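A quick write-up on the structure given underneath.
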Ligand code: C5P
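In the working numbering, the protein residues as written are 108 to 332.
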């Protein structure tokens, strides 16, 4: 396993289903990095909103977000919300439908970003999401923007959902992803976009391992070179 610098940051952004989380997880394992799944944090606060039946822009929700404890265990595989393991609950269709509306609230983003930057200060990290290369870690050592056709992304998400026994059609998944992309790309605050200095990777016809190897090659080449 190659160790990159003691305080190196790899940031990856891209739309839903572009392969970011699987790729980032594998790279974290191979390079011995901390893994930050930033979407899981927005999903956790969306769960707070759903459970308390609060509107995304309500002051009560913001108070809950400020007071809550979000913690990752097992290098990002488990997420604890106020000490409760919510790793499965944050991936339901109900959360998928609401999350972009919660994530567009600037005050909520502010709280989450502060938390992410604290985690980033703990050591070498690979972090993925929608604004990691632009807002959270604008000075990241390595930046990547992953994308793929919407049909390919929907197929990947469908396979994931089917493994969890969720009964849903490809058309429904594609509609949900397109709707979320649109909201994430057009919101006023921290919209999803490729940073000017990010390396773009189209993953449509690539396997996970090809993308992992490509990113590791970029990172290691720079380390050696
Ligand atoms: O990455 P994932 O699909 O789990 O993200 C869920 C949602 O969280 C995204 O669709 C987006 O609305 C929000 N998000 C965000 N900024 C991030 C990561 C996720 O707004 N950095």
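The C-beta atom is built at its ideal place from N, Cα and C for all residues, glycine as well.
Computed from a predicted structure; not experimentally measured.
Report back the beta-carbon spacing between residue i and residue j to the nearest angstrom; my notes put them in contact at under 8 Å.
{"i": "residue 322", "j": "residue 244", "result": "About 15 Å; that fails the 8 Å criterion."}
{"i": "residue 242", "j": "residue 220", "result": "6 Å"}
If the criterion is Cβ atoms closer than 8 Å, does the pair residue i and residue j meet it?
{"i": "residue 146", "j": "residue 255", "result": "no"}
{"i": "residue 248", "j": "residue 115", "result": "yes"}
{"i": "residue 397", "j": "residue 202", "result": "Here the chain comprises residues numbered 108 to 332, so residue 397 is not present and cannot be evaluated."}
{"i": "residue 257", "j": "residue 281", "result": "yes"}
{"i": "residue 120", "j": "residue 301", "result": "yes"}
{"i": "residue 117", "j": "residue 233", "result": "yes"}
{"i": "residue 207", "j": "residue 287", "result": "yes"}
Between which two residues does the beta strand (DSSP E) carrying residue i extend?
{"i": "residue 236", "result": "232 to 236"}
{"i": "residue 278", "result": "Counting along the chain, residue 278 falls outside any beta strand (DSSP E), though it belongs to the alpha helix (DSSP H) covering 277 to 293."}
{"i": "residue 116", "result": "116 to 120"}
{"i": "residue 308", "result": "306 to 309"}
{"i": "residue 185", "result": "185 to 188"}
{"i": "residue 382", "result": "Only positions 108 to 332 of the chain appear in the structure, and residue 382 is not among them; the question remains open."}
{"i": "residue 253", "result": "249 to 254"}
{"i": "residue 178", "result": "177 to 180"}
Among the candidates the options, whose CA atom is the shortest distance from the CA of residue i?
{"i": "residue 226", "options": "253, 202 and 183", "result": "183"}
{"i": "residue 231", "options": "135, 123 and 120", "result": "135"}
{"i": "residue 279", "options": "144, 195, 204 and 193", "result": "204"}
{"i": "residue 169", "options": "209, 272 and 318", "result": "209"}
{"i": "residue 239", "options": "216, 157 and 270", "result": "216"}
{"i": "residue 246", "options": "158, 303 and 196", "result": "303"}
{"i": "residue 298", "options": "144, 236 and 199", "result": "236"}
{"i": "residue 196", "options": "277, 271, 314 and 306", "result": "271"}
{"i": "residue 123", "options": "192, 259 and 327", "result": "259"}
{"i": "residue 199", "options": "157, 253, 316 and 214", "result": "157"}
{"i": "residue 315", "options": "167, 253 and 268", "result": "253"}
{"i": "residue 229", "options": "192, 179, 275 and 268", "result": "179"}
{"i": "residue 148", "options": "222, 167, 269 and 268", "result": "222"}
{"i": "residue 194", "options": "218, 224, 159 and 151", "result": "151"}
{"i": "residue 144", "options": "268, 224, 276 and 159", "result": "224"}
Go to residue i, then tell me how far its alpha helix (DSSP H) extends in each direction, as first and last residue.
{"i": "residue 260", "result": "257 to 270"}
{"i": "residue 208", "result": "200 to 210"}
{"i": "residue 136", "result": "127 to 138"}
{"i": "residue 173", "result": "166 to 174"}
{"i": "residue 221", "result": "213 to 227"}
Item to check | Inter-stretch contact at 8 Å, needing at least 3 Cβ pairs: the region 307 to 319 / the region 120 to 138 | outcome: These segments touch.
Next on the checklist: Under 8 Å, with one C-beta from each stretch per pair, do the region 171 to 187 and the region 258 to 268 reach the 3-pair mark?
Outcome noted: Because the criterion of three Cβ pairs below 8 Å is not met, the region 171 to 187 and the region 258 to 268 do not touch.
Next on the checklist: Measuring CB atoms only, is the region 285 to 302 touching the region 156 to 166, in the sense that at least three cross pairs come out at less than 8 Å?
Outcome noted: no
Next on the checklist: Would you call the region 185 to 203 in contact with the region 133 to 141, where contact means no fewer than 3 C-beta pairs closer than 8 Å?
Outcome noted: Contact between the region 185 to 203 and the region 133 to 141 is absent: fewer than three C-beta pairs spanning the two stretches fall below 8 Å.
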